[in-house]
Amino acid sequence: MKPVPVAFALLVASFAFAATPPAAPPLSATAETNSPQLTVKRIFASGDFGGEGFSARWLDDSSGYTTFEASKAPGGGRDLVRQNPKTGAKDILVSAAELVPPGESSPLGIDGHTWSKNRSKLLIFTNTKKVWRTNSRGDYWVLDRTSHELVKLGGDAEASTLMFAKFSPDGRRVAYVRERNIYVEDLQSRRITALTTNRSPEIINGTFDWVYEEEFGLRDGFRWSPDGQSIAYWQLDTEGVREVALVNNTDGLYPKTQLIKYPKTGEMNSACRVGIVEATGGPTRWLDVPGDPRNHYIFDLAWPEGSKEIFLQQLNRLQNTNRVMLADPITGKARTILTDTDAAWVEANQNLKWIDGGKRFVFPSERGGWDQLYIANHDGGKLKLATPGKHDVAGLVHVDEKSERIYYMASPDNPTQRYLYRSGFSGRRTERVTPASQKGTHSYQVSPDGRWAFHTWSSHDEPPVTELISLPDHKQVRVLADNKKLKERVAKLKLPATEFFKVPVAKGVELDAWCIRPPDFDATKKYPLLIYVYGEPAGSTVRDSWGGGSQLWHHMLAQQGYLVMSFDNRGTATPRGRDWRKSIYRQIGVLASQDQAAALKHVLATRSYVDSARVGIWGWSGGGSMTLNALLRYPDLYSTGISIASVPNMRLYDTIYQERYMGLPDDNAEGYRKGSPLTFASQLKGNLLVIHGTGDDNCHYQGVEALVNEFIRHGRQFQMMAYPNRSHSISEGSGTTLHLRELMTSYLNEKLPPGPR
């Protein structure tokens, strides 16, 4: 139940440093363009607030960064262009004309690309298709920059069936996954060798099942050895894992059913193991990793440069013990070099960085009460704290081995912000790198040599700006995307500044919060309040960053006469220390809704302009569940709620996510019962709109139907909208997002009337 990605909430400005620029809607010249008034159509359908994105990739030798630019050649398409970070000079590395397949007249569309080590070849990912969350299946082509030959990989494979293609270290071969098996293709002979040949639908080689992908973010499931002689890969055996059925009633004369292997809490997981196979083919040698493979998770696998051993991380089923291991690829023997434990859960962090040619690695851990970075020897010994202080590291950005400095994100004094910091390997010389004058949320992509970085920042009231900076001085070299037009459009709206504040909810406990007021706010009158909530450990809502379409929708409601607020309760993913985040353990839904209610009570007691009779709440995914918990557990506080894509019964969610935060259902039956909104269905008193996609593979429609039955049993009236075949994002199909937001708006206008009284 991760928070719905901002793209699903129509974040209309995209600033990912991806291989291909995002297709942002153009700024249109509608009749409303210069109007200070927001509308649902203007936000979600007009393109009025489309942003200027920037997308680039650093070259491995830091000689420049590459972007795609429209080709001036007659055939159209896009050229792959290198730009010098210092001078700004550009040169075309690959022209669009070179990407025209034999017998075709148009160049390939590019969804992703990878260079061979010496950049003599370019691997192109195109014609992609979505697998659950991302477009990870498609066609691959290789361009030889010397011969200018462009060839398609896969032999007689059907279109859009290859996955995760990667050059061998010498660039002479490419390995990829096809129909759950791993293949290697020789680029000179075009010979294709099957490294795995399982035909059972229960066996997955080189990629993952639904729950590994969703909860660990694992998709690409194989790794070349540094010498290119072998490949290490994950294999999952899904036999015995029970299935969920998604029913499509609309795309044919008869319903169609899609079955998904989906382990619900307490149920059987796939068995996971790691094998080594020679790149020329032959039998697989399986690593001897201790522990029941169905009750342990191998969530990380690497073949560090300079090391003769394979690195992996393994969690037990309760996810409170992480064993860091090294394994011999010949004998298969694995040994534990480092163990990380927690009374609640250990974060499954794959963001490790090997240094000193594989002799040491940077390891994140909360063992000291804060999420910090340590440097460990290859054998796990001599663990040294590199980021001292009572503050969390919010992400590792770059390790500069030459200067022995670690760059990382943190915000020691304000959890709503994110800044760049650096510290020496010894833990000394810790300093903030982001200028003190720049508030808000920042992100960086540093060049491999550590001399340059793409820097993007925004705030709740300011759209993103991306610039190229030099390091270590953080001086601006040039602006890459200033969003001038978007800023001008936003300025014409004359939106009131967002107020960030703190709310006491218990002794010594304060929550971060924000508030958006109506433009003509009058403190002597009373206004309806709408609360935006998430509340679970996988995310947070109170961040000083630009929120795109969803944020503008909140401003639109404020223009109509609503107050809009959000609170980050204990247990949310904010940089407040281990105890803050882990306080929610085994009581998801209970402590969070308690904090949310306490925050609301404080607001009602201290802000006389909030109308206690008109308090609404809405959320998506975990926020949809929290909306239900708030409305059902505290029916006298909240009068209206909109719950989207919720999990009314935690027993129905997946093993990895729910058991991480709640433990096993047999060991915490009461916790599961108390934290599930279904338990309190009889207490529904206010107005409730339940929204769900019937094709939601994440939070299943099954849970909503169970909730409906409970409401019926207890004679409770509510309203419901089911979007046929839509997934967790409820974004598929023309007009879906606009319809959804119009539905939400009209429901609030009816049940939680806007305007002061």
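Under our numbering, the residue at position 179 of the sequence shown is numbered 664, and the numbers go up by one with no gaps. Virtual Cβ for every residue (Gly too), placed ideally from N, Cα, C.
Just to confirm, is the Cβ distance from residue i to residue j under 9 Å?
| i | j | result |
| --- | --- | --- |
| residue 802 | residue 1144 | yes |
| residue 1073 | residue 1102 | no |
| residue 706 | residue 725 | no |
| residue 900 | residue 1059 | yes |
| residue 1129 | residue 1161 | no |
| residue 718 | residue 659 | no |
| residue 759 | residue 797 | yes |
| residue 1012 | residue 1048 | yes |
| residue 931 | residue 962 | no |
| residue 1023 | residue 1084 | no |
| residue 612 | residue 644 | yes |
| residue 914 | residue 890 | yes |
| residue 661 | residue 639 | yes |
| residue 1211 | residue 1180 | yes |
| residue 816 | residue 808 | no |
| residue 1108 | residue 1184 | no |
| residue 1015 | residue 1050 | yes |
Exposed or buried, what is residue i when buried is set at 16 or more other beta-carbons lying within 10 Å of its beta-carbon?
| i | result |
| --- | --- |
| residue 730 | exposed |
| residue 736 | exposed |
| residue 1207 | exposed |
| residue 610 | buried |
| residue 723 | buried |
| residue 1029 | buried |
| residue 528 | buried |
| residue 986 | exposed |
| residue 876 | buried |
| residue 572 | exposed |
| residue 744 | exposed |
| residue 818 | exposed |
| residue 1053 | buried |
| residue 519 | exposed |
Output the distance between the C-alpha atoms of residue i and residue j, rounded to the nearest integer angstrom.
| i | j | result |
| --- | --- | --- |
| residue 1098 | residue 1120 | 11 Å |
| residue 766 | residue 790 | 23 Å |
| residue 1235 | residue 1172 | 10 Å |
| residue 813 | residue 551 | 38 Å |
| residue 514 | residue 844 | Here the model assigns residue 514 a pLDDT of 46, short of 50, so the residue's position is not dependable and the matter cannot be decided. |
| residue 826 | residue 806 | 4 Å |
| residue 1004 | residue 921 | 30 Å |
| residue 577 | residue 567 | 6 Å |
| residue 1133 | residue 1191 | 8 Å |
| residue 1124 | residue 1203 | 12 Å |
| residue 1238 | residue 1115 | 20 Å |
| residue 508 | residue 829 | Bear in mind that the predicted position of residue 508 carries a pLDDT of just 37, short of 50, making it too unreliable to give a figure here. |
| residue 1219 | residue 924 | 38 Å |
| residue 884 | residue 935 | 8 Å |
| residue 512 | residue 972 | Bear in mind that the predicted position of residue 512 carries a pLDDT of just 43, short of 50, making it too unreliable to give a figure here. |
| residue 993 | residue 1087 | 14 Å |
| residue 832 | residue 784 | 11 Å |
| residue 940 | residue 622 | 31 Å |
| residue 1056 | residue 989 | 15 Å |
| residue 749 | residue 1096 | 41 Å |
| residue 1165 | residue 1075 | 12 Å |
| residue 1229 | residue 1034 | 14 Å |
| residue 857 | residue 903 | 15 Å |
| residue 1240 | residue 525 | 18 Å |
Our contact map puts residue i next to residue j with C-beta atoms below 8 Å; I'd like the distance itself, whole angstroms only.
| i | j | result |
| --- | --- | --- |
| residue 1020 | residue 1135 | With 8 Å as the limit, residue 1020 and residue 1135 do not qualify as a contact, their Cβ atoms being about 14 Å apart. |
| residue 1178 | residue 1224 | Between residue 1224 and residue 1178 the Cβ distance is about 12 Å, and since that is not below 8 Å, they are no contact. |
| residue 606 | residue 629 | 6 Å |
| residue 653 | residue 709 | 6 Å |
| residue 1313 | residue 1008 | Since the first and last residues shown for the chain are 486 and 1242, residue 1313 lies out of range. |
| residue 871 | residue 895 | Not really, about 12 Å apart at Cβ, beyond 8 Å. |
| residue 752 | residue 727 | 6 Å |
| residue 1141 | residue 782 | 7 Å |
| residue 563 | residue 574 | That pair is no contact at about 19 Å. |
| residue 1188 | residue 854 | The Cβ separation is near 36 Å, so there is no contact. |
Fill in: Runs of beta strand (DSSP E) wholly within the segment 844–887 (minimum 3 residues, chain order)
Listed in chain order, the complete beta strand (DSSP E) runs (minimum 3 residues) inside the segment 844–887 are 845–850, 857–862 and 878–885.
Practice prompt. Can you check the segment 909–982 for any beta strand (DSSP E) of at least 3 residues that lies completely inside it and give the ranges in chain order?
Written response: Here the runs fully enclosed are 926–931, 937–944, 947–955 and 960–966.
Worksheet item: Which parts of the segment 539–627 are runs of the beta strand (DSSP E), unbroken and 3 residues or longer, counting only runs that do not cross its ends?
Response: The qualifying runs are 550–555, 563–568, 575–579, 597–600 and 606–616.
Item to complete: Kindly provide the ranges of any beta strand (DSSP E) runs that are 3 or more residues long and lie completely inside the segment 742–771, ordered along the chain.
Response: Entirely contained in the segment 742–771, the beta strand (DSSP E) runs reaching 3 residues are, in chain order, 756–763.
Worksheet item: Of all the alpha helix (DSSP H) runs that stay within the bounds of the segment 978–1050, which reach a length of 4 or more residues?
Response: Segments of the alpha helix (DSSP H) lying fully in the segment 978–1050: 1033–1045.
Worksheet item: Where in the segment 1188–1235 do unbroken runs of the beta strand (DSSP E), each at least 3 residues long, occur, reported from the N-terminal end onward?
Response: With a minimum length of 3 residues, the continuous beta strand (DSSP E) runs that stay inside the segment 1188–1235 are 1204–1208.
Discussion item. Extract the residue ranges of the alpha helix (DSSP H) inside the segment 1105–1191, only unbroken runs of 4 or more that lie entirely within it.
Written reply: Complete alpha helix (DSSP H) runs here, min 4: 1107–1118, 1140–1147 and 1154–1160.
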